[in-house]
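Participant: Structure provided below as structure tokens; questions to follow.
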Amino acid sequence: MKLSHQRKEALNELKQLLCELDKYVDVVIVEGLRDVESVKALGCTANLDVLSHTGVNDFDLADELTAKYSNVLVLTDFDEEGLNLNKRFTGILEHKGAHVETGLRLRIGRLMAQIGVYAIESLDNIADTSV
Numbered sequence: 675m676k677l678s679h680q681r682k683e684a685l686n687e688l689k690q691l692l693c694e695l696d697k698y699v700d701v702v703i704v705e706g707l708r709d710v711e712s713v714k715a716l717g718c719t720a721n722l723d724v725l726s727h728t729g730v731n732d733f734d735l736a737d738e739l740t741a742k743y744s745n746v747l748v749l750t751d752f753d754e755e756g757l758n759l760n761k762r763f764t765g766i767l768e769h770k771g772a773h774v775e776t777g778l779r780l781r782i783g784r785l786m787a788q789i790g791v792y793a794i795e796s797l798d799n800i801a802d803t804s805v
């Protein structure tokens with residue numbers, strides 16, 4: 675994939691931000707295992723967990739997460755389904771006492787939009803793009 679100069683800058687900034695997430699949050703929660711691999715491919719070293727635990731409902735998962743972590747980033751896709759999932763799970767986590775980092779999510783979303791990617795798992799398609 676050939677990237678324009680502006681998209682290359684956005685990709686570099688996104689990679690830098692993902693590499694530094696562990697400075698800002700205790701855990702990054704993504705939708706599934708492909709999302710985990712994608713953010714790792716861009717250099718994310720933060721603690722990662724997934725929303726898709728078989729047999730575990732959102733409230734029990736939120737209990738597990740808030741028992742271990744207090745500062746959380748919910749990094750779901752930026753499509754309608756992902757936005758709804760983010761809103762629902764953010765509300766549950768906040769109700770359970772976690773601080774959900776929304777500013778970082780907005781920043782990541784803006785950078786992904788500049789690159790033209792809206793699904794977290796699609797980030798692995800651009801991870802090897804020479805910049």
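Residue 697 in my numbering sits at position 23 of the sequence shown; the count goes up by one each step and never skips.
Even glycine gets a Cβ: it sits at the ideal position worked out from N, Cα and C.
With DSSP as the reference, please indicate the residues paired to H773 in a beta bridge.
Facilitator: In DSSP, H773 forms a bridge with N745.
Participant: When the Cα of L716 is compared with those of V748, L688, H727, which residue comes out closest?
Facilitator: Closest option to L716, Cα to Cα, is L688.
Participant: Among residues of its own chain, excluding the 5 on either side of C693, which ones have a beta-carbon nearer than 6 Å to its beta-carbon?
Facilitator: G717, listed in sequence order.
Participant: Do you know offhand how far H769's Cα is from A793's?
Facilitator: Looking at the two C-alpha atoms, the distance is approximately 26 Å.
Participant: Roughly how many angstroms separate the alpha carbons of S678 and D737, rounded to a whole number?
Facilitator: Approximately 43 Å, taken between the alpha carbons.
Participant: Hey, L739 and L767: beta-carbon distance below 8 Å or not?
Facilitator: Yes; because the gap between Cβ atoms is below 8 Å, this pair is in contact.
Participant: Grouping DSSP H, G and I as helix and E and B as strand, with all else coil, what is V710?
Facilitator: Correct three-state label for V710: helix.
Participant: Near F733, which residues of its chain fall below 7 Å by C-beta distance, leaving aside the five closest residues on each side in sequence?
Facilitator: Answer for F733: I766, listed in chain order.
Participant: Exposed or buried, which one is V730 when buried takes at least 16 other CB atoms within 10 Å?
Facilitator: Exposed, because fewer than 16 other Cβ atoms sit within 10 Å of the Cβ of V730.
Participant: Starting from the C-beta of D753, find all residues in its chain whose C-beta is less than 8 Å away, skip the five residues before and the five after it, and write them out in chain order.
Facilitator: So the qualifying residues of the chain are Y792, A793.
Participant: Can you say whether N799 is buried or exposed, counting buried as having 16 or more other CB atoms within 10 angstroms of its CB?
Facilitator: Its Cβ having fewer than 16 others within 10 Å, N799 is exposed.
Participant: Classify S804 as buried or exposed, calling it buried when 16 or more other Cβ atoms lie within 10 Å of its own Cβ.
Facilitator: The pLDDT assigned to S804 is 49, lower than 50, so where the model puts this residue is not dependable; a value taken from the coordinates is nonetheless given after this. When all chains shown are included, S804 counts as exposed.
Participant: If you draw a straight line from the alpha carbon of L759 to that of E705, how long is it in whole angstroms?
Facilitator: For L759 and E705, the distance between alpha carbons rounds to 9 Å.
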